[in-house]
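Here is the structure we will look at.
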Amino acid sequence: MAIVAQSSKFSTYGRPVLAWGVGLLFFFPIFWMVLTSFKTDADAVKPEHLIFFTPTFDNYLNMTDNYDYWRFATNSVISAVSATAFTLFVSVPAAYAMAFNPSRSTKDVLMWMLSTKMLPAAAVLYPMIFLAKSIGLYDTHILIITVLSLINLPIAIWMLFTYFKEIPKDIIEAGKMDGVNTWGEIKEILVPLAWGGIASTALLVFIFCWNEAYWTVRLTTIDAATLSKLIEGNRAPEGLFFGRLSAVSTAAVGPIVVLGWFCQKQLVQGLTFGAVK
Amino acid sequence: MSDRKLPRLLQAPAVLLLLVWMLIPLGMTLYFSFIRYVLNSLRRPEWTSPSLSNWRGFGNYEFVLKSKDFLLAIQNSLFIVCSILFLTVILGVLIAVLINKAFPGQGVVRVLLISPFFVMPAVNAVLWINMILDPVLGLQGIAVAGINEFLDGLRQIPVLGGFFSLWPEFEPVSFRATQTSAIAVIMMVTWQWTPFAVLIFMTSLQSEDQQQKEAAVLDGASTWSQFRFLTLPHLGRPIAIVVMIQAIFHLSLYAEIEIVSRGNGNKNLPYLIGEFANNNIGAASATGIFAVILANFVAIFLLRMVGKTLME
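Quick note, the sequences are listed as chains A and B, same order. Quick note: the first sequence, position 52, residue 51 per numbering that gives the first Met the number 0, numbers continuous. Quick note: the second sequence, position 187, residue 186 per numbering that gives the first Met the number 0, numbers continuous.
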């Protein structure tokens, strides 16, 4: 390439150094959290043990005693998995219909769905609490699963729509000729073809559900409280518990960060609704 | 079943669910915003349950408009959102351009860079405000103390010491104060969302017209003018999309505010609503309606800007 010919000193030395510097800088807070999680609470605030310390696993071993970690983690898993499943169950047929049988109103419906994402959650918080309490669903999994599904539904439909749009219509039409019914079309033709798109939609919705911190904090007290609620409840540990707090935080975000590494490409297409390729 | 009905039927559950989700709570908020409705009142127990006989008209709206927190909250919301948008777009473009060309370890740097985006907001806020920014126990406190100690050491040097004694001691900054907590929130959210901008800009840069660039190089265009006249226009659409998506998320920013600035006067709109909702549901609902109006202004503006490109 012609551009390589004029590559300067910057390209050979400056770019890698600067890029690595930026990468490490952005990763540093996470690294620091993981490092602190292996310190005792006492060591975590001592400047002399900033880097050199005797690592301990106690913070992880005592997570149950200190924070009841597994109860919150179980709640997070239950709500995020169920909400993801329910979201897909509703959004796959909808996106299928919109992508393969678009009507004149499809564009408007899609735009309207996106606009529901702009409804500020805080504006409808109290009615939700009121409704939930009056039908006895406050602080239950069902409530959290429903809310998580609803707030992620527009994004899921948009993502799936952009994936389905890429599938040639002829393939679906061919299935129709063979006399397969709609459910069969979705199951036998669409899902195998769009497997990658559906999987990455599921992954993203799962990540959003896991990290959600407005509704899960406001609509739960104990029974359905998720990891966000646990961390939020320990917002000011007054420095006494940096070690154990780091451990529980690492346990809360670790799996998701690793999951995110694997789906970063899909993330772009998904979050930009296919507008950036 | 006819060809027309079936697609409608398949869409129906999604449309109905979202319609219910939009209309019922929003309708209730609208209703509550026009009545007197509080959670606890010894003097007026009849106000503690929603009823049309407690009609207040625009009284709640007047009350909210007159409270000095309201203007502050709107200012703060806009200040926080605009600062984050500004910083993430600038940093995002610079970093994307930096790491877009191949260098040793490019893949690893990408993974390091994207990681903050997946950290849950609650952890993000707790991590930053305690372990990094705390003025005594956090890295900030430790760093400032270290610098002061180092300067103290310099002051002991016989002749040169006189010069260093003129230097003041450094003071650590408390990021839990009213004035500074917005800065802390902006820092942590920028840390989390810059990776998102980078990722999207990088994807877009990969589809940049290389032939055009090579032609520009042959014509002797400088690196700056290549960036200014080729790369930047190419990034126009992704920048618009990054702005739109972030605006959606940051207007309802909550966990970070709740954790960093609880009770210190630095409120945004969602936080103010939460505060009203501790007792005065009427006022909370009126504030909620204001938030909806603000979001709609932003939404109309943004959808006009990027909506068309999304549908292509």
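C-beta atoms are modelled at their ideal positions from N, C-alpha and C, and glycine is treated no differently.
* Beta-carbon proximity check, Leu71 of chain A vs Ala250 of chain A, cutoff 7 Å -> Looking at the sequence itself, residue 71 of chain A is Phe, so the reference to Leu does not match. Contact flag unset, no.
* Report the residue ranges of all alpha helix (DSSP H) runs contained in full by the region 44-114 of chain B; include only those spanning at least 4 residues, in chain order. => 58-65, 67-99 and 105-113
* Beta carbon of Phe114 of chain B nearer than 7 Å to that of Ile29 of chain A -> The residue asked about is misnamed: residue 114 of chain B is Ser in this sequence, not Phe. Cβ atoms of Ser114 of chain B and Ile29 of chain A: closer than 7 Å.
* To do: Note the first and the last residue of the continuous alpha helix (DSSP H) segment covering Pro120 of chain B.
  => Pro120 to Val125
* Got a sec, what are the start and stop residues for the alpha helix (DSSP H) Trp20 of chain B sits in? -> Lys4 to Phe31
* Asn39 of chain B - partner residues in DSSP beta bridges -> Answer by DSSP bridge pairing: none, since Asn39 of chain B is not bridged.
* Asked: Count the other CB atoms within 10 Å of the CB of Glu211 of chain A; is the residue buried (16 or more) or exposed (fewer)?
  -> buried
* For the alpha helix (DSSP H) holding Thr140 of chain A, just list the boundary residues, first then last. => According to the sequence shown, residue 140 of chain A is His rather than Thr. It spans His140 to Lys164 - the alpha helix (DSSP H) in which His140 of chain A sits, taken as one unbroken run.
* Where Met0 of chain A falls, given that 16 or more other Cβ within 10 Å makes a residue buried -> Reliability fails at Met0 of chain A, whose pLDDT of 40 lies under 50, so the model's placement of it is uncertain and the value that follows must be treated cautiously. Per the 10 Å Cβ criterion, exposed.
* Nearest chain E C-beta to Gly259 of chain A closer than 7 Å, yes or no? -> Here chain E cannot be found, since the structure's protein chains are A and B.
* Asked: When the cut-off is 7 Å and only beta carbons count, does Ala250 of chain A lie next to chain B?
  -> no
* Near-chain B residues of the region 96-114 of chain A - C-beta to any C-beta below 9 Å -> Ala96, Met97, Phe99, Asn100, Pro101, Ser102, Thr105, Lys106, Val108, Leu109, Met110, Trp111, Met112, Leu113 and Ser114
* Would you give the residue range spanned by the alpha helix (DSSP H) that Met97 of chain A belongs to? => Tyr68 to Phe99
* Classify Asn180 of chain A as helix, strand or coil using the three-state DSSP reduction. => coil
* **Contact list for the region 117-132 of chain A against chain B, Cβ threshold 9 Å** => Met117, Leu118, Pro119, Ala120, Ala121, Ala122, Val123, Leu124, Tyr125, Pro126, Met127, Ile128, Phe129 and Leu130
* Beta-carbon proximity of Ser75 of chain A to Ala121 of chain B, cut-off 7 Å -> no
* Asked: Should Ala214 of chain B go down as buried or exposed, given a rule of 16 or more other Cβ atoms within 10 Å for buried?
  -> exposed
* To do: Give the DSSP bridge partners of Asn279 of chain B, in chain order.
  => B:Val37
* For Tyr253 of chain B, which residues in chain A fall below 9 Å Cβ to Cβ? -> Ala120, Ala121, Ala212, Tyr213, Val216 and Arg217
* Given a threshold of 16 other Cβ atoms within 10 Å of its Cβ, counted over all protein chains shown, does Asp169 of chain A qualify as buried or as exposed? -> exposed
* To do: Quick one: grab the DSSP three-state call for Gln155 of chain B.
  => coil
* Asked: I think Met32 of chain A touches Leu126 of chain B, with their Cβ atoms under 8 Å apart; what is that distance to the nearest whole Å?
  -> 5 Å
* To the nearest angstrom, report how far apart Pro153 of chain A and Ser199 of chain A are at their CA atoms. => 15 Å
* To do: Assign Trp69 of chain A to one of two classes, buried (16 or more other C-beta atoms within 10 Å of its C-beta) or exposed (fewer than that).
  => exposed
* Asked: Can the beta-carbon of Phe85 of chain A be found less than 7 Å from the beta-carbon of Ser148 of chain A?
  -> yes
* Can you find a C-beta in chain A that's less than 7 Å from the C-beta of Met243 of chain B? -> no
* Asked: For Tyr137 of chain A, which residues of its own chain have a beta-carbon under 6 Å away from its beta-carbon, when the five flanking residues on both sides are left out?
  -> Ala131
* To do: May I ask you to report which of helix, strand or coil DSSP gives Tyr137 of chain A?
  => coil
* Asked: So, using beta-carbon positions, are Phe122 of chain A and Thr28 of chain B closer together than 7 Å?
  -> Here residue 122 of chain A turns out to be Ala, not Phe, going by the sequence shown. In contact: Ala122 of chain A and Thr28 of chain B (Cβ atoms closer than 7 Å).
* Do Met187 of chain B and Glu255 of chain B have their C-beta atoms within less than 7 Å of each other? -> yes
* Exposed or buried, Gln74 of chain B, counting other C-beta atoms within 10 Å across all chains shown (16 or more means buried)? -> exposed
* What residues from the region 71-83 of chain B come within 8 Å of chain A, judged by C-beta to C-beta, listed N to C? -> none
* Give a yes or no on whether the minimum CB-CB distance between Gly227 of chain A and chain B is below 7 Å. => The amino acid occupying residue 227 of chain A in the given sequence is Ser; Gly does not appear at that position. By this cut-off, Ser227 of chain A is an interface position.
* Asked: Just checking my contact of Phe116 of chain B with Gln191 of chain B at CB under 8 Å: how many whole Å lie between their CB atoms?
  -> 6 Å
* **Boundaries of the alpha helix (DSSP H) in which Met187 of chain B is found, first to last residue** => Thr177 to Gln205
* To the nearest angstrom, report how far apart Lys8 of chain A and Val16 of chain A are at their CA atoms. => 12 Å
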